[in-house]
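Numbered per the numbering used here, the sequence shown spans residues 139 to 363.
Just so it is clear, CB atoms sit at the ideal spot from N, CA and C, and this is done for glycine as well.
Computed from a prediction, not measured in an experiment: that's the story for all the values here.
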Amino acid sequence: MSSNGFWKEPTKYTSTLDQIKLFCTIAPAPTFFDLNLLDGDFTKSVLNLKAIQLSMVLHQDFEHLKGLLIGSNHNSYRVWIRHKLFKLIGAKNDDLGPEFKIENWLCTNSGAQEAICDMFQTHCVIPIPAYDKNDKLISSSKYCTILPSATIEAHFLLIHYIIKNKVTDGYNAFVLTLYAMHIIKPASLVVPSTPRKRKVSSMSPITLPVKKRCLQSSSPSPSKK
Numbered sequence: 139m140s141s142n143g144f145w146k147e148p149t150k151y152t153s154t155l156d157q158i159k160l161f162c163t164i165a166p167a168p169t170f171f172d173l174n175l176l177d178g179d180f181t182k183s184v185l186n187l188k189a190i191q192l193s194m195v196l197h198q199d200f201e202h203l204k205g206l207l208i209g210s211n212h213n214s215y216r217v218w219i220r221h222k223l224f225k226l227i228g229a230k231n232d233d234l235g236p237e238f239k240i241e242n243w244l245c246t247n248s249g250a251q252e253a254i255c256d257m258f259q260t261h262c263v264i265p266i267p268a269y270d271k272n273d274k275l276i277s278s279s280k281y282c283t284i285l286p287s288a289t290i291e292a293h294f295l296l297i298h299y300i301i302k303n304k305v306t307d308g309y310n311a312f313v314l315t316l317y318a319m320h321i322i323k324p325a326s327l328v329v330p331s332t333p334r335k336r337k338v339s340s341m342s343p344i345t346l347p348v349k350k351r352c353l354q355s356s357s358p359s360p361s362k363k
């Protein structure tokens, strides 16, 4: 999830920036995090979601269920979740502080920045309801650094639609709308099994004078005959 959904210009599905919806997938917590407390939680959550799906009033003529889970089995499932970023200005709008006002909202490219300027008088931002360990709302400037690959506790609303199609059979569509997200553990800066990154010097680090002096001082002095 980014502060403008990586929107750059009108597309077939989002002709204007205010139509953008942020999407992300939720997967099991990585095993290399020492979070044994979460073992099995994701699988149980997926089973609960599937049970809720089947308990809802489905269109009996449509067999397909779409929009909630990605994957083919419990070991590979991902949960698909969304968040609407903008809304029309209403009679009452929450004042979350200057950094959450649309005039100060971070855009990651010039196309989105130009589009959001045209929305100042008509729209307001619905920030991602993501909270840090102190239960403070995370600002848009931190979305791309804190949220990707973070271990989270997610709360959401499940919405059911019946989609009819004139060409093929329709289907039962499910949408998870984010209600709140709590960061349990931010993404690790060092990913296991990945070679350590290092700065590249303009000169060889093996032949630098400082390295030579260190090597010479640590070498035993030659014995005299």
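Here Tyr299 is bridged, per DSSP, to Ala311. Just measuring C-alpha positions, the residue of Gly235, Ile164, Thr289, Asn242 sitting nearest Gly209 is Ile164. Under the three-state reduction of DSSP, Cys162 is assigned to strand. Under DSSP, the beta-bridge partners assigned to Trp218 are Thr163.
In this structure, the alpha-carbon of Met257 lies about 36 Å from that of Leu203. Taking C-beta atoms as the reference points, Phe161 and Arg216 fail to come closer than 8 Å. Looking at the DSSP output, Leu203 bridges to Asn310.
CA-to-CA, the gap between Leu316 and Ala292 works out to about 7 Å. DSSP places Cys262 in the strand class (E or B) of the three-state scheme. Taking the CA atoms as reference points, Ala325 sits about 8 Å from Thr283. Residue state for Glu291 is assigned as strand, using DSSP reduced to three classes. Boundaries of the beta strand (DSSP E) harbouring Phe224: 224-226, taken from the DSSP string.
With 16 or more other Cβ atoms from the protein chains shown falling within 10 Å of its own Cβ, Ala250 counts as buried. Beta-bridge partners of Ala318 (DSSP): His293. Ile208 is bridged by DSSP to Arg216. A residue is called buried when at least 16 other Cβ atoms come within 10 angstroms of its Cβ; Ala189 does not meet this threshold and is exposed. In terms of Cα proximity to His320, the closest of Ala268, Trp218, Thr181, Gly228 is Ala268. Residue burial is scored here from C-beta neighbours: Ala318 has fewer than 16 other C-beta atoms within 10 angstroms and is therefore classed as exposed. In this structure Met194 is exposed. Its beta-carbon is surrounded by fewer than 16 other beta-carbon atoms within 10 angstroms. The beta carbon of Ile264 sits closer than 7 Å to those of Lys222, Leu223, Phe224, Lys225, all from its chain and outside the five residues before and after it, given in chain order.
Counting the other CB atoms within 10 Å of its CB gives Ile254 a total of 16 or more, which places it among the buried residues. Comparing alpha carbon positions, the residue from Asp273, Gln191, Ile266 closest to Phe312 is Gln191.
Here Leu275 is bridged, per DSSP, to Tyr269. The beta carbon of Ser140 lies closer than 8 Å to those of Leu160, Thr246, Tyr281, Cys282 in the same chain, with the five residues before and after it left out.
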